[in-house]
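Structure, as structure tokens:
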Amino acid sequence: MKNIFRILLVILVMAATTSVAHGQKKLDQQTIVDLEKTPKYGFILTTERHFKGVLSMYDLLIESGAVIEEYEIVVKGKVVTQLVKNSEMEKFFQKYKGKVKVSVCSVAMEKLGVAEETLFDGLNVTPTASVRMLQLQANGYNTLTY
């Protein structure tokens, strides 16, 4: 039952994020009340578009008055190659540094030839993205996969 409730909360967040593209500026109060029951969020993603979208969702939650205890993005796949120093993604992420945790999959880094020292500041390397997401779920995070 608890997992079903979490899934419903995540669906609400997804619906709110989809609405942002159509002009929604703020979440309604009931959504905020519901989301604050589990104020930790974890996302796993593979594209630049989703990385930026999840950061925009952070803004929407904050601007709507939601309390966020933890907000973590777990990155795997080709987007890992864009998380390097002096990249557009580094400039985009500066606003969120210290607020949003980003864990980068070491398996993806190895397969794509991205060395840890080339990643921009504020990123954490995790052994595997899938195991990190399992950890977040075990620790009561609302989680979404993109």
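In mature numbering (1 follows the signal peptide of the UniProt record, and there is no 0), the protein residues as written are -21 to -1, 1 to 125. From the three backbone atoms N, C-alpha and C, an ideal C-beta is built for every residue, glycine too. Everything numeric in this text was worked out from a predicted model, so none of it was measured.
Return the Cβ separation of residue i and residue j in integer angstroms, given the expectation that the two are a contact with Cβ distance under 8 Å.
i, j, result
"V54", "V83", "5 Å"
"I11", "G44", "6 Å"
"E48", "K19", "5 Å"
Answer yes or no: do residue i and residue j have a C-beta to C-beta separation smaller than 8 Å?
i, j, result
"F30", "L39", "no"
"V63", "F99", "yes"
"V93", "Y50", "no"
"E15", "V46", "yes"
"G101", "K76", "yes"
"M88", "V104", "yes"
Is the CB of residue i under 8 Å away from at least one CB in chain C?
i, result
"I11", "Considering every chain present, this structure includes no chain C. It has just one protein chain."
Which of helix, strand or coil does DSSP assign to residue i?
i, result
"V83", "strand"
"V33", "helix"
"L102", "strand"
Give me whichever residues DSSP pairs with residue i in a beta bridge.
i, result
"I23", "V53, T124"
"V63", "L98"
Here's the rule I'm using: 16 or more other beta-carbon atoms within 10 Å means buried, otherwise exposed. How should residue i be labelled?
i, result
"A117", "exposed"
"N121", "buried"
"I41", "exposed"
"L113", "exposed"
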